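To keep things clear, I will list the structure first and then write my remarks on it.
Protein chains: 2
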Amino acid sequence: MDAFDILGDPVRRRILELLATGEHSSGDVVAVVQREFGITQSAVSQQLRILRDAGFASVRADGTRRIYAVEPGRLREVDDWLDRFRAFWLPRLDALATEVARGKRKRRRQE
Amino acid sequence: MDAFDILGDPVRRRILELLATGEHSSGDVVAVVQREFGITQSAVSQQLRILRDAGFASVRADGTRRIYAVEPGRLREVDDWLDRFRAFWLPRLDALATEVARGKRKRRRQE
DNA sequence: GATCAATATTAGACTACACTAATATTAGCG
DNA sequence: CGCTAATATTAGTGTAGTCTAATATTGATC
Chain D
247 MDAFDILGDP VRRRILELLA TGEHSSGDVV AVVQREFGIT QSAVSQQLRI LRDAGFASVR
307 ADGTRRIYAV EPGRLREVDD WLDRFRAFWL PRLDALATEV ARGKRKRRRQ E
Chain P
247 MDAFDILGDP VRRRILELLA TGEHSSGDVV AVVQREFGIT QSAVSQQLRI LRDAGFASVR
307 ADGTRRIYAV EPGRLREVDD WLDRFRAFWL PRLDALATEV ARGKRKRRRQ E
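Going down the list, the sequences are from chains D and P.
Count along the first sequence starting at 1, add 246, and that's the number in the numbering used here.
Count along the second sequence starting at 1, add 246, and that's the number in the numbering used here.
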């Protein structure tokens with residue numbers, strides 16, 4: 247599934263924002279999302295599954311709890327896609343920044 | 247409308263990719279998208295309108311033609327949203343890169 | 001000013017997808 | 001073991017959003 251399709255949903259984005267701050271249990275995620283969006287535990291669980299299946303998040307078990315973490319690969323896809331537009335807001339990318347950007351891109355291709 | 251909702255559609259993304267390479271008339275866009283997605287002129291025109299309304303593209307008239315161009319603001323929103331995840335793929339942002347990144351962010355807030 | 005070319009708009013149909021409600025699974029604990 | 005807590009799954013429903021088909025608008029040309 248395309249990365250942008252996944253990020254198109256506000257609940258999924260909110261979950262990822264939460265996970266960006268560190269690992270969280272399913273229950274934590276449910277609590278936050280339920281408070282902010284007023285949807286059921288089921289709905290949140292379904293969104294967590296979509297994030298897992300799409301490779302945006304990973305899970306590990308801790309007893310009966312499921313601990314979720316960000317899986318950055320798919321988000322980097324989005325970052326890469328934006329490359330083609332960066333010239334619009336970084337019109338004169340100086341030598342220094344170019345060097346940094348180039349190194350970044352090289353690293354990406356290797357890994 | 248949220249930026250990610252707009253980017254969730256593959257036709258709209260393709261149009262933006264095209265506009266990233268420079269201005270294009272509606273007809274140009276229609277030709278490319280029609281070839282790749284097999285949809286009607288009407289559908290493409292509707293998508294162009296959505297991109298306009300959402301602030302992702304601008305138009306100017308040239309006779310009976312409409313010339314479309316990328317409007318980078320909304321794409322920068324996406325870039326900004328990604329900031330919170332960059333630590334995952336740039337774990338040790340060295341002093342040089344940090345300086346560049348900071349300057350970039352500062353510029354953004356000012357403009 | 002009739003006609004053609006380029007583009008936009010409108011109305012209605014179809015589909016994908018996120019939701020709820022109900023139920024299943026699994027682990028820990030007395 | 002039976003019970004509870006945490007989480008996942010399934011089936012079914014409603015709606016948002018994208019499409020087609022048809023039509024309208026606007027500018028250029030003769």
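From the three backbone atoms N, C-alpha and C, an ideal C-beta is built for every residue, glycine too.
Since the model is a prediction, treat every value here as computed from it, not as a measurement.
Collapsed DSSP secondary structure at residue i in the structure displayed
i             : result
residue 300/D : coil
residue 326/D : helix
residue 308/P : strand
residue 319/P : helix
residue 248/D : coil
residue 336/D : coil
Segment limits, beta strand (DSSP E) that includes residue i
i             : result
residue 313/D : 311-316
Selection from the options that minimises the alpha carbon distance to residue i
i             : options                    : result
residue 335/D : 272/P, 334/P, 337/P, 326/P : 326/P
residue 292/D : 267/D, 257/D, 320/D        : 257/D
residue 249/D : 274/D, 337/D, 319/D, 294/D : 319/D
residue 294/P : 259/P, 332/P, 310/P        : 259/P
residue 269/P : 323/P, 337/P, 311/P        : 311/P
residue 332/P : 251/D, 323/D, 305/D        : 323/D
residue 317/P : 305/P, 328/P, 272/P        : 305/P
residue 314/D : 271/D, 337/D, 255/D        : 271/D
Residue span of the alpha helix (DSSP H) that contains residue i, given as start and end
i             : result
residue 274/D : 272-283
residue 193/D : This structure cannot speak to residue 193/D, because chain D is shown only from 247 to 357.
Residue j beta carbon less than 8 Å from that of residue i
i             : j             : result
residue 204/P : residue 307/D : Outside the shown range of chain P (247 to 357) lies residue 204/P, about which nothing can therefore be said.
residue 275/D : residue 262/D : no
residue 251/D : residue 284/P : no
residue 328/P : residue 321/D : yes
Contact test: residue i Cβ vs the ligand MG heavy atom, cutoff 7 Å
i             : result
residue 274/P : By its list of ligands, the structure shown contains no ligand whatsoever, and the ligand MG lies outside what it can speak to.
inquiry  = For the pair the region 284-297 of chain P and the region 299-313 of chain D, tell me if three or more CB-CB distances fall below 8 Å.
reply    = No: fewer than three Cβ pairs fall under 8 Å.
query = Quick one: any contact between the region 269-283 of chain P and the region 272-280 of chain D, if contact means 3 or more CB pairs under 8 Å?
reply = The answer is no - the region 272-280 of chain D does not touch the region 269-283 of chain P, with fewer than three Cβ pairs under 8 Å.
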